[in-house]
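Contents: one structure, followed by commentary.
Protein chains: 2
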Amino acid sequence: MKNEMGKNIDTITEIRGFNRFYTNILGLLEKDLYGSGYSLSEARVLFEISKTENCTAVQLCNTLKMDRGYMSRIISKFEKNGLISRRESETDSRAFNIQLTAGGNRLFHELNERSNQQIEDLLLKLNEDEKLKLLKSMETVKKYLTKATANILIRPYKKSDISYVIDRQLSLYETERHFTSEVWKTYLKQGVLELLEKFDPRKDCMLILEYNANPAGCVAITHTDDDTAQYRYYFVEPELRGIGVGHRLLEEALSFCKEKKYRHIFLWTVSAQETARSLYSKAGFTLTESHENNDWGVPVTEEKWEKDL
Amino acid sequence: MKNEMGKNIDTITEIRGFNRFYTNILGLLEKDLYGSGYSLSEARVLFEISKTENCTAVQLCNTLKMDRGYMSRIISKFEKNGLISRRESETDSRAFNIQLTAGGNRLFHELNERSNQQIEDLLLKLNEDEKLKLLKSMETVKKYLTKATANILIRPYKKSDISYVIDRQLSLYETERHFTSEVWKTYLKQGVLELLEKFDPRKDCMLILEYNANPAGCVAITHTDDDTAQYRYYFVEPELRGIGVGHRLLEEALSFCKEKKYRHIFLWTVSAQETARSLYSKAGFTLTESHENNDWGVPVTEEKWEKDL
DNA sequence: CAAAACAGTTGACAAAGGCAACTTTCTATT
DNA sequence: AATAGAAAGTTGCCTTTGTCAACTGTTTTG
C-alpha cells in the first residue's frame, strides 16, 4: 500500500517493527554483561579496539558514534585497569595508537566466551535449516542496511592515510589470500612509499574511500608514461563489499585518468580475486597477459588487465 | 567450522557481528528522538501503550523488560503531561488500565511521523527489489529469533485473563476476518461467560499461552457430554505464529481431553482460517460439515472438524 | 484464613553520557 | 614563513537514565 504521498508506508511500518523487535533482543543480550564490571559501551569499545589494529580514539568515536569526552574517559579507565596500552602515533603526535595488553585480551576473551555461550543457548532452539536461514537473512539485512545508511565519501589521500593503506592491505591479503612472504610485504610497502616519493599531482592520485569518517578502502593511479596509467592498491573493506562502493571507487579513478588525458590504463591482479575481476571486465578492461608467481607465500596466477581510454 | 566442543562457532560469530551492527543502526535511529523531550524508553512505552488496549504497568514491564520503579515514574510523567489516563482495573484493584489521551495520541503520531520519515530517507537508497529482499529477510530474522528467545508457557486461565481472551479475540477477528457485527460480539462474549459459569474442572479447561509473562493466546475445552469435547477460543498472537506454539497449544488441549477420558472432540472454524485448518488436519481432525453464515458481518463458510480420541 | 505472590510507588543512589571549554598539534592558505 | 582554522584528546559540569530495595495495599493459593 502506498499512501497519497507515494510513501511505501507498509514497508516503513515493517522495518520499524523490526527495529522495535531488535531493540528488545539486544536489551535481552546486554543483560549478560552485568557481572563483568563493564558496560555495553565499554564492551563495544573493547571489541572495536581488538579488531582494529593501531586504532585511535577518534576512529573509535566514528565507528561507534560515541562522544569524544566519554570515549576519553573509557580509554583512561581501560588504561588504568591495564587493559590497553597507548603509544604516541608516529604520524600525528596529537593522537595515540591503542592496543590491547595481555590483560585486555584476557578480558576480551572472557566477554567473548560469555556472549558466545549466550548465542549458543539460543541456537539450541533452532534446527540446522533454521539456523542457516537465520544467518542468510541477517547477512541480507546487514548488506542492505549498510547500503542504506552508509556514509560514503571518496577523497584524496592525506599523509595520515598511508599507514592505513599499507597495514590494512597487508592484513587483508594475509587473511583472504594467504600472502605471507616477506618478499610480498616489502614489495607492497616499497611500492606505496615509492609512489609517494615520486608523486606528481598532475599525473598521479591516491583516493581514499571513507566510511563513517574512517578510511575503508583505497585506489591509486600512477603514471608509467604520459599516456599510460597504472591502477593500483585497490581494495575495499569486507563489510562494504557488494553494495556498489567498489564500483564507485573504480569509476572515480577512471574519471581521474580521463581528466589527466591518459590514453591507456592497466593493472595487475591475481586470478582468485573474482569480484575485482568482474568489476574490471564490466568497466571495459580485458585480460591481456597472465603468469604464475610463487613469491607471495602462496602460488598465484597473476593477470594483467588493460583498457583504452 | 565446528570447534572441538561441537559449537558452531562461525554461526555464533556471524550472529554476534549482526548484533553489533544492529546496535549501531539503532543508535543511529534513536538520535532522531532527541528534540522530542522524550527518551527512547519513554517512546517505547508510549508505543506499547498505543498498541495494547487496556494495558497495565506490569504488562509494559514484561514486554519491554523494564524495571517496575522506572516504569512507574515514566507513567507518572506521562499522566502529568496529559498523555495518558488511568482507571482502576475492573478485575484487580491493585492495577490500572492505561490508555492514551487525545494529547498522547497527538504526540504518538508526531513521533511516528519522524520515525517514518527517517526510515523513508533510508529507503531512498534502495531500489524496489532491494527493499523487498530487506523486508523478507527481516521477517525471517524476526521469526527465528522469536522462536529462539521466546519465553513460552502454557498454563490454566486465571480470572484476570478473561478480559484478555474476549477483547483480544474480538479485535483479532475484526482486523483479520472483518467480523464486525454486534451479533458476533455478543455471541463471543456470551460464550466465554457461559463457559465460566458452567465451568467444571473435571471436564473443562481454558489454557493460556504466555509469552514473556503476558498472555498471548488461548484455547478452551468444554464438555458437550461426558464423551464429547468441544475445542474453542483458539487463537495465537500474530507475532507468535509460524514458530510452533499454536501446535503446542493444540497438543496440550488434546492431551487434556485424553486425560479426561473424552472419546470424541469437535470444533467449529471458518474456511478462511488456513493455518488453523492445516493444524487441525495434521492433528487428525477431519472436516465433517460446512455451511454458510452471514451473521458475523461478512459472509463466511463455517466448518465442523471432528476427531476420535 | 494465613502465607505468598503480585501491582504499584517511592527514596536513595550509581551509571551513562551529553556539552562546552581548553591544550596541543596539524593542515591549508596566503 | 605566518597564521587561522580544524582536529585529537582531556576535563569539569551537569542531566538523564536506570537500578535496587523497602514499603503499601490487594489478590491468590494451599
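The listed protein sequences derive, respectively, from chains B and V. Positions in the first sequence are counted from 1; adding 1291 to them yields the numbering used here. Positions in the second sequence are counted from 1; adding 1291 to them yields the numbering used here. Even glycine gets a Cβ: it sits at the ideal position worked out from N, Cα and C.
**Request:** Quick one: residues in its chain with C-beta nearer than 7 Å to the C-beta of B:G1537, no 5 flanking neighbours on either side, listed in chain order?
**Result:** Residue 1537 of chain B sits at position 246 when you count from the first residue of the first sequence. Taken in chain order, the residues that qualify are V1527 and L1570.
**Request:** Have a look at B:K1595 and B:E1485 and give me their C-alpha separation to the nearest angstrom.
**Result:** Sequence index remark: in the first sequence, residue 1595 of chain B carries index 304 (1-based). Sequence index remark: in the first sequence, residue 1485 of chain B carries index 194 (1-based). B:K1595 and B:E1485 have their C-alpha atoms some 21 Å from each other.
**Message:** Is it buried or exposed, V:S1428, if we count other Cβ atoms within 10 angstroms and call 16 or more buried?
**Reply:** Reading the second sequence from its first residue, position 137 is the one you call residue 1428 of chain V. With 16 or more neighbouring CB atoms inside 10 Å of its own CB, V:S1428 falls in the buried class.
**Item:** Own chain partners of B:T1519 with C-beta closer than 6 Å, once the 5 adjacent residues on each side are dropped
**Value:** What you label residue 1519 of chain B is simply residue 228 of the first sequence in a count that begins at 1. The answer, listed in chain order, is H1555.
**Asked** Smallest Cα separation from B:I1453: which of B:L1498, B:G1308, B:F1557 and B:R1405?
**Response** Reading the first sequence from its first residue, position 162 is the one you call residue 1453 of chain B. It is B:L1498 whose Cα lies nearest to the Cα of B:I1453.
**Asked** Out of curiosity, what's the CA-to-CA distance linking B:K1293 and B:D1517?
**Response** The residue given as residue 1293 of chain B occupies position 2 in the first sequence. The residue given as residue 1517 of chain B occupies position 226 in the first sequence. At B:K1293 the pLDDT is 43, less than 50, meaning the model places this residue with poor confidence and gives no usable figure here.
**Request:** Taking V:K1416 as the reference, give the member of B:T1382, B:W1475, B:N1388 and B:A1439 with the closest Cα.
**Result:** Stepping through the second sequence from its first residue, residue 1416 of chain V is reached at position 125. If we check each option's Cα against that of V:K1416, B:A1439 comes out closest.
**Asked** Taking buried to mean at least 16 other C-beta atoms within 10 Å of its own C-beta, is B:Q1408 buried or exposed?
**Response** Counting from 1 along the first sequence, the entry for residue 1408 of chain B is found at position 117. By the neighbour-count criterion, in which 16 or more other beta carbons inside 10 Å mark a residue as buried, B:Q1408 falls on the exposed side.
**Message:** Cβ closer than 7 Å: which chain V residues qualify as neighbours of B:G1318?
**Reply:** Start at 1 with the first residue of the first sequence, and residue 1318 of chain B comes out as number 27. Simply K1356.
**Message:** Does V:K1595 come out as helix, strand or coil in the three-state DSSP assignment?
**Reply:** The residue given as residue 1595 of chain V occupies position 304 in the second sequence. Three-state result, V:K1595: strand.
**Asked** Looking only at its own chain, which residues have a Cβ that is under 6 Å from the Cβ of V:Y1524, when we skip the five neighbours before and after it?
**Response** Along the second sequence, read from residue 1 onward, the residue named residue 1524 of chain V stands at position 233. Within the same chain, V:Y1524 has close Cβ partners C1509 and A1511.
**Prompt:** Can you give, in chain order, each stretch of the beta strand (DSSP E) that sits fully within the region 1425-1462 of chain B and has at least 3 residues?
**Reply:** Counting only runs of 3 or more residues that sit fully inside the region 1425-1462 of chain B, the beta strand (DSSP E) segments are 1443-1447, in chain order.
**Message:** Counting only C-beta atoms, is V:Y1313 closer than 8 Å to chain B at any point?
**Reply:** Position 22 of the second sequence, counted from the first residue, corresponds to residue 1313 of chain V. With 8 Å as the cut-off, V:Y1313 counts as an interface residue toward chain B.
**Request:** Report buried or exposed for V:V1336, applying the criterion of at least 16 other Cβ atoms within 10 angstroms of its Cβ.
**Result:** Within the second sequence, the letter at position 45 stands for residue 1336 of chain V. The residue is buried, with at least 16 neighbouring Cβ atoms inside 10 Å.
**Prompt:** Straight-line CA distance for V:P1506 to V:Y1455?
**Reply:** In the second sequence, the residue the question calls residue 1506 of chain V occupies position 215. In the second sequence, the residue the question calls residue 1455 of chain V occupies position 164. Approximately 8 Å, taken between the alpha carbons.
**Member of B:D1586, B:T1579 and B:N1315 whose CA lies at the smallest distance from the CA of V:N1442** = By one-based count along the second sequence, residue 1442 of chain V stands at place 151. Cα-wise, what sits closest to V:N1442 is B:N1315.
**Asked** Would you say B:R1523 faces chain V, with C-beta separation under 8 Å as the test?
**Response** The residue given as residue 1523 of chain B occupies position 232 in the first sequence. It does not; no Cβ of chain V falls within 8 Å.
**Request:** Grab the span of the alpha helix (DSSP H) containing B:Y1361 for me, first residue to last.
**Result:** Start at 1 with the first residue of the first sequence, and residue 1361 of chain B comes out as number 70. Membership of B:Y1361 in the alpha helix (DSSP H) is indicated by the continuous run R1359 to K1371.
**Prompt:** When you compare only the Cα positions, how much space is there between V:E1379 and V:A1348?
**Reply:** Position 88 of the second sequence holds residue 1379 of chain V. Position 57 of the second sequence holds residue 1348 of chain V. Roughly 12 Å between the two C-alpha positions.
**Cβ of B:A1439 within 8 Å of any chain V Cβ** = Numbered from 1 along the first sequence, position 148 holds the residue referred to as residue 1439 of chain B. A Cβ of chain V is located within less than 8 Å of the beta carbon of B:A1439.
**Request:** Tell me where the alpha helix (DSSP H) around B:L1570 begins and ends.
**Result:** Taking the first residue of the first sequence as position 1, residue 1570 of chain B is located at position 279. Counting along the chain, the alpha helix (DSSP H) containing B:L1570 begins and ends at E1565 to K1573.
**Cα-Cα separation, B:I1457 to B:A1504** = Stepping through the first sequence from its first residue, residue 1457 of chain B is reached at position 166. Stepping through the first sequence from its first residue, residue 1504 of chain B is reached at position 213. Here the alpha carbons of B:A1504 and B:I1457 stand approximately 19 Å from one another.
**Asked** Straight-line CA distance for B:K1322 to V:F1369?
**Response** If you number the first sequence from 1, residue 1322 of chain B lands on position 31. If you number the second sequence from 1, residue 1369 of chain V lands on position 78. Rounded to the nearest angstrom, the gap between the Cα atoms of B:K1322 and V:F1369 is 27 Å.
**Prompt:** If we call anything under 8 Å between Cβ atoms a contact, is V:W1587 one with V:F1399?
**Reply:** By one-based count along the second sequence, residue 1587 of chain V stands at place 296. By one-based count along the second sequence, residue 1399 of chain V stands at place 108. Not a contact, by the Cβ cut-off of 8 Å.
**Message:** By the three-class DSSP mapping on this structure, what secondary structure does B:H1469 have?
**Reply:** As a first step, residue 1469 of chain B must be located in the first sequence, where it is residue number 178. Here B:H1469 sits in coil by DSSP.
**Request:** Could you tell me whether the Cβ atoms of V:T1566 and V:R1532 are closer together than 8 Å?
**Result:** As a position in the second sequence, residue 1566 of chain V is number 275, starting the count at 1. As a position in the second sequence, residue 1532 of chain V is number 241, starting the count at 1. In this structure, V:R1532 lies closer than 8 Å to V:T1566 by Cβ.
**Request:** Could you tell me how far apart the beta carbons of B:L1402 and B:L1391 are, in whole angstroms, since I believe they sit closer than 8 Å?
**Result:** Mapped onto the first sequence, residue 1402 of chain B falls at position 111. Mapped onto the first sequence, residue 1391 of chain B falls at position 100. B:L1402 to B:L1391, Cβ: 12 Å. No contact.
**Request:** Kindly list, in the order they appear in chain B, the residues whose Cβ is closer than 8 Å to that of V:R1307.
**Result:** By 1-based counting over the second sequence, the position of residue 1307 of chain V is 16. By Cβ distance, chain B contributes S1406, N1407 and I1410.
**Asked** Among V:V1483, V:Y1448 and V:T1302, which one has its Cα closest to the Cα of B:E1411?
**Response** As a first step, residue 1411 of chain B is located in the first sequence; it is residue number 120 there, counting from the start. Ranking the options by Cα distance to B:E1411, first place goes to V:T1302.
**Message:** Going by beta-carbon coordinates alone, are V:L1558 and V:Y1502 separated by less than 8 Å?
**Reply:** Taking the second sequence and counting its residues from 1, one reaches residue 1558 of chain V at position 267. Taking the second sequence and counting its residues from 1, one reaches residue 1502 of chain V at position 211. Result no, Cβ atoms of V:L1558 and V:Y1502 do not sit closer than 8 Å.
**Message:** Helix, strand or coil, according to DSSP, for B:I1534 in the structure here?
**Reply:** Mapped onto the first sequence, residue 1534 of chain B falls at position 243. Note: B:I1534 maps to coil in three-state DSSP.
**Request:** With 8 Å as the threshold, decide whether the Cβ of V:F1399 is near any Cβ in chain B.
**Result:** Along the second sequence, one-based indexing puts residue 1399 of chain V at 108. By this cut-off, V:F1399 is not an interface position.
**Asked** Buried or exposed: which applies to B:E1583, given that a residue is buried once 16 or more other Cβ atoms fall within 10 Å of its Cβ?
**Response** Sequence index remark: in the first sequence, residue 1583 of chain B carries index 292 (1-based). Exposed: under 16 other Cβ atoms inside 10 Å.
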